[in-house]
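Worksheet: one structure, shown below.
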Amino acid sequence: MEVQDTKSTLEVAPRNEEKIKKIWKTAFILLAITVAEFIMAFTMDRGILLYSLFIILTIWKAKYIMMEFMHLGDEAKPLFYSIIVPLIFLVWLDIALIKEGSDIFLMRW
Amino acid sequence: MSAHSTAIEVSTKRGIWGGGNEPLKASYGKLMMWFFLLSDIFTFAAFLITYLAIRVSYPAYAGAAETFTGSNEYWPVPELVFEALPFLHGVHAPLIFVGIMTFILIASSVTMVLAVEAGHRNDRNDVVKWMLWTLLGGITFLSCQAWEWSHFIHGTDGGSLLTYVNGLGQNVTETVFGANLMVNEYGPAAFAQLFFFITGFHGFHVTIGVFLLFLCFYQAAVGVYDKRGHYEMVEKIGLYWHFVDLVWVFVFTLFYLI
Numbered sequence: 001m002e003v004q005d006t007k008s009t010l011e012v013a014p015r016n017e018e019k020i021k022k023i024w025k026t027a028f029i030l031l032a033i034t035v036a037e038f039i040m041a042f043t044m045d046r047g048i049l050l051y052s053l054f055i056i057l058t059i060w061k062a063k064y065i066m067m068e069f070m071h072l073g074d075e076a077k078p079l080f081y082s083i084i085v086p087l088i089f090l091v092w093l094d095i096a097l098i099k100e101g102s103d104i105f106l107m108r109w
Numbered sequence: 110m111s112a113h114s115t116a117i118e119v120s121t122k123r124g125i126w127g128g129g130n131e132p133l134k135a136s137y138g139k140l141m142m143w144f145f146l147l148s149d150i151f152t153f154a155a156f157l158i159t160y161l162a163i164r165v166s167y168p169a170y171a172g173a174a175e176t177f178t179g180s181n182e183y184w185p186v187p188e189l190v191f192e193a194l195p196f197l198h199g200v201h202a203p204l205i206f207v208g209i210m211t212f213i214l215i216a217s218s219v220t221m222v223l224a225v226e227a228g229h230r231n232d233r234n235d236v237v238k239w240m241l242w243t244l245l246g247g248i249t250f251l252s253c254q255a256w257e258w259s260h261f262i263h264g265t266d267g268g269s270l271l272t273y274v275n276g277l278g279q280n281v282t283e284t285v286f287g288a289n290l291m292v293n294e295y296g297p298a299a300f301a302q303l304f305f306f307i308t309g310f311h312g313f314h315v316t317i318g319v320f321l322l323f324l325c326f327y328q329a330a331v332g333v334y335d336k337r338g339h340y341e342m343v344e345k346i347g348l349y350w351h352f353v354d355l356v357w358v359f360v361f362t363l364f365y366l367i
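Protein sequence lines, in the order shown, are assigned to chains A and B. Just so you know, the first sequence maps onto residues 1 to 109 in this note's numbering. Just so you know, the second sequence maps onto residues 110 to 367 in this note's numbering.
Encoded structure:
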């Protein structure tokens, strides 16, 4: 059997240090937000305020993952909007089902 | 072309309707991955919003944390349920283990995005290196989840005294250890059911992700992508892997913090 030549014929570009720095910066932000959530879980009283803060911070983290890691922000605008706009339906589903859940709570207890 | 997308030529083997052109300046494979992920976002969102709806339909535990005992009358406090560590039996370490898991998954997402960056530069050595780290992170996360599940199923030393309707329709009062789909020592039956279903579905995604990561690592290492002329597969599998991380961010908040 012949030994296959697996040497690349593609030209290897040098590392883009600026991009790599941005990746690590995003990673640091994600980590910092998670640590902040941790501290809040143990220092703040449970309630609507804390839960709202958690959800805002989570959506903030999601934004970083989608925009920086998945590069959605760099895609063509129609692609960007076709991914983001349908998510509006989830806002409604969220409101509707939480209302439903609270009503079940009132009927049951 | 967008700043980050891999430059690939329009295939002569594919016609206009066969993925040969790039309507949104993204290749056929990348577009399809995005729309698959959109549908998966809806699936996970439906599960997580259902979790919230069922959670608010139960009273929350209102007493002091020190005197917390599991009961199917109220929803448990997550930091008092998930407080064990492997090898450290009996140590109260609230949310530490799940914090480590979150850290591992975010770290593997970072190494993945570094692999994608290396793919843009056609740098096989860097792709292989970062894919291997990502693969390692994925396997570690799955192992942690296996331990978490095992602990959740087997339960604590003391268990909880509960009154519930068993599988035969009888009303029984007994000490319950751990969790199954019928009853659990931590809270209402729905608590464990949702935990198994949602973290299980996420773990299933991670498992598929690990297979894809291995495939990508292997193909990069043996030079398949060099021969193909582009490293777009790294980017597509990267999208999927970041999505798994994205879902975990929400699972973490809803299950472990709220």
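All C-beta atoms in this analysis are idealised placements derived from N, C-alpha and C, irrespective of residue type, glycine included.
**Prompt:** Given a threshold of 16 other Cβ atoms within 10 Å of its Cβ, counted over all protein chains shown, does A/TYR81 qualify as buried or as exposed?
**Reply:** In the first sequence, counting from the first residue as 1, residue 81 of chain A sits at position 81. So A/TYR81 counts as exposed.
**Request:** Could you check the C-alpha separation between A/MET44 and A/PHE28 for me, to the nearest Å?
**Result:** Residue numbering aside, residue 44 of chain A sits at position 44 when the first sequence is read from its first letter. Residue numbering aside, residue 28 of chain A sits at position 28 when the first sequence is read from its first letter. So the two alpha carbons sit approximately 24 Å from each other.
**Message:** Going by DSSP in three states, B/ASN234 sits in which element: helix, strand or coil?
**Reply:** The residue given as residue 234 of chain B occupies position 125 in the second sequence. Here B/ASN234 sits in helix by DSSP.
**Message:** Measuring straight from C-alpha to C-alpha, what distance separates B/ARG123 and B/TYR327?
**Reply:** Here the question's residue 123 of chain B lines up with position 14 in the second sequence. Here the question's residue 327 of chain B lines up with position 218 in the second sequence. So the two alpha carbons sit approximately 26 Å from each other.
**Prompt:** What do you get for B/ILE163, buried or exposed, if any count of 16 or more other CB atoms within 10 angstroms of its CB means buried?
**Reply:** Within the second sequence, numbered from 1, the residue matching residue 163 of chain B stands at position 54. Result: buried.
**Message:** Determine whether the beta carbon atoms of A/ALA36 and A/LEU57 lie at a separation below 8 Å.
**Reply:** Looking up residue 36 of chain A in the first sequence gives position 36. Looking up residue 57 of chain A in the first sequence gives position 57. Yes, the pair counts as a contact, with Cβ atoms nearer than the cut-off.
**Prompt:** Between B/PHE364 and B/GLY287, what straight-line distance do the alpha-carbon atoms span, to the nearest angstrom?
**Reply:** As a first step, residue 364 of chain B is located in the second sequence; it is residue number 255 there, counting from the start. As a first step, residue 287 of chain B is located in the second sequence; it is residue number 178 there, counting from the start. Spanning the two alpha carbons is a distance of roughly 17 Å.
**Asked** Could one say the Cβ of A/MET120 lies closer than 8 Å to chain B's Cβ atoms, at least one of them?
**Response** Residue 120 of chain A is absent from the structure shown; chain A starts at 1 and stops at 109.
**Request:** Examine chain B for any beta-carbon lying closer than 8 Å to the beta-carbon of A/ALA27, and answer yes or no.
**Result:** What you label residue 27 of chain A is simply residue 27 of the first sequence in a count that begins at 1. Yes, its Cβ sits closer than 8 Å to a Cβ of chain B.
**Message:** Which residues does DSSP list as the beta-bridge partners of B/TYR273?
**Reply:** One-based indexing of the second sequence puts residue 273 of chain B at position 164. Answer is B/VAL281, bridged to B/TYR273.
**Message:** Can you check whether the C-beta of B/VAL219 is within less than 8 Å of a C-beta belonging to chain A?
**Reply:** The residue given as residue 219 of chain B occupies position 110 in the second sequence. Cβ-Cβ to chain A under 8 Å: yes for B/VAL219.
**Item:** Paired residues, beta bridge with B/ALA169 - DSSP
**Value:** Position 60 of the second sequence, counting from 1, holds the residue named residue 169 of chain B. The partner list for B/ALA169 (beta bridge, DSSP) reads B/TRP184.
**Request:** Evaluate the contact criterion for the stretch 217–235 of chain B versus the stretch 274–292 of chain B: three or more CB pairs, one atom per stretch, below 8 Å.
**Result:** no
**Item:** Interface residues of chain B facing A/VAL12 [CB-CB closer than 7 Å]
**Value:** Indexing the first sequence from 1 puts residue 12 of chain A at position 12. Under the 7 Å cutoff, chain B gives ARG230, ASN231 and ASP232.
**Item:** Three-state secondary structure (DSSP) of A/LEU72
**Value:** Within the first sequence, numbered from 1, the residue matching residue 72 of chain A stands at position 72. Residue state, collapsed to three classes: helix.
**Item:** Host alpha helix (DSSP H) of A/LEU90 (start-end)
**Value:** On the first sequence, residue 90 of chain A is found 90 positions in, with the first residue counted as 1. First-last of the alpha helix (DSSP H) with A/LEU90: 88–108.
**Item:** Outcome for B/ALA116 when other beta-carbon atoms lying within 10 angstroms are tallied against a minimum of 16
**Value:** Working through the second sequence from its first residue, we reach residue 116 of chain B at position 7. Low per-residue confidence applies at B/ALA116: pLDDT is 48, beneath 50, and the placement is therefore not dependable, though the value from the model is reported in the following sentence. Classification for B/ALA116: exposed.
**Message:** According to DSSP, is A/LEU10 part of a helix, a strand, or is it coil?
**Reply:** The residue you call residue 10 of chain A lines up with position 10 of the first sequence. Coil at A/LEU10, not helix or strand.
**Prompt:** Taking buried to mean at least 16 other C-beta atoms within 10 Å of its own C-beta, is B/ALA112 buried or exposed?
**Reply:** Locating residue 112 of chain B in the second sequence gives position 3, where the first residue counts as 1. Legend: pLDDT at B/ALA112 = 49, less than 50; position of this residue unreliable, no value from coordinates given.
**Prompt:** Roughly how many angstroms separate the alpha carbons of B/THR316 and B/PHE153, rounded to a whole number?
**Reply:** Indexing the second sequence from 1 puts residue 316 of chain B at position 207. Indexing the second sequence from 1 puts residue 153 of chain B at position 44. About 16 Å.
**Request:** Could you tell me whether any Cβ in chain A is nearer than 8 Å to the Cβ of B/TYR273?
**Result:** Within the second sequence, residue 273 of chain B is the residue found at index 164, counting from 1. False, the Cβ-Cβ gap to chain A never drops below 8 Å.
**Item:** 8 Å Cβ cutoff met for B/TYR334 and B/TYR340
**Value:** Taking the first residue of the second sequence as position 1, residue 334 of chain B is located at position 225. Taking the first residue of the second sequence as position 1, residue 340 of chain B is located at position 231. Cβ atoms of B/TYR334 and B/TYR340: closer than 8 Å.
**Asked** Given that B/ASP266 touches chain E, what residues does it touch there, using C-beta distances under 7 Å?
**Response** The structure shown contains no chain E; its protein chains are A and B.
**Message:** Rounded to whole angstroms, what is the Cα-Cα separation between A/PRO14 and B/ASP232?
**Reply:** Start at 1 with the first residue of the first sequence, and residue 14 of chain A comes out as number 14. Start at 1 with the first residue of the second sequence, and residue 232 of chain B comes out as number 123. Their Cα atoms are separated by approximately 8 Å.
**Asked** Which runs of the alpha helix (DSSP H) fall wholly inside the stretch 314–363 of chain B and span at least 4 residues, in chain order?
**Response** 333–337 and 341–360
**Message:** Using C-beta distances below 6 Å, list every residue in its chain close to B/PHE265, excluding the 5 sequence neighbours before and after it, in chain order.
**Reply:** Numbered from 1 along the second sequence, position 156 holds the residue referred to as residue 265 of chain B. Here residue 265 of chain B is Thr; the residue named in the question, Phe, does not match the sequence. Counting only Cβ-Cβ distances below 6 Å, and skipping sequence neighbours, we find nothing.
**Asked** Taking C-beta to C-beta, are B/LEU244 and A/ILE65 nearer than 8 Å?
**Response** Stepping through the second sequence from its first residue, residue 244 of chain B is reached at position 135. Stepping through the first sequence from its first residue, residue 65 of chain A is reached at position 65. No.
**Message:** Looking at the strands, I want to know which residues DSSP matches up with B/ALA288.
**Reply:** Numbered from 1 along the second sequence, position 179 holds the residue referred to as residue 288 of chain B. Beta-bridge pairing links B/ALA288 to B/ASN293.
**Item:** Whole-angstrom distance between A/PRO86 and B/ILE367, CA atom to CA atom
**Value:** Against the second sequence, residue 367 of chain B aligns to sequence position 258. Against the first sequence, residue 86 of chain A aligns to sequence position 86. Approximately 26 Å, taken between the alpha carbons.
**Asked** Do the CB positions of B/PHE196 and B/PHE206 come within less than 8 Å of each other?
**Response** Reading the second sequence from its first residue, position 87 is the one you call residue 196 of chain B. Reading the second sequence from its first residue, position 97 is the one you call residue 206 of chain B. Cβ distance not < 8 Å, so B/PHE196 and B/PHE206 don't count as in contact.
**Prompt:** Based on Cα-Cα distance, which residue from B/GLY246, B/LEU157, B/PHE145 and B/GLY127 lies nearest to B/GLY309?
**Reply:** As a working mapping, residue 309 of chain B is identified with position 200 in the second sequence. Measuring from the Cα of B/GLY309, the nearest candidate turns out to be B/LEU157.
**Request:** Go through its chain and collect everything with a Cβ distance to B/HIS260's Cβ below 6 Å, but skip five positions before and after it.
**Result:** The count along the second sequence starts at 1 and reaches residue 260 of chain B at position 151. Only ALA193 meet the Cβ criterion.
**Request:** Give the C-beta separation of B/SER269 and B/VAL285 to the nearest angstrom, bearing in mind that I take them to be a contact with Cβ-Cβ under 8 Å.
**Result:** On the second sequence, position 160 is the one that residue 269 of chain B refers to. On the second sequence, position 176 is the one that residue 285 of chain B refers to. Right, their Cβ atoms sit about 6 Å apart.
**Prompt:** With a Cβ-Cβ cutoff of 8 Å, do B/GLU182 and B/PRO203 count as a contact?
**Reply:** Your numbering for residue 182 of chain B matches position 73 in the second sequence. Your numbering for residue 203 of chain B matches position 94 in the second sequence. No. Outside cutoff.
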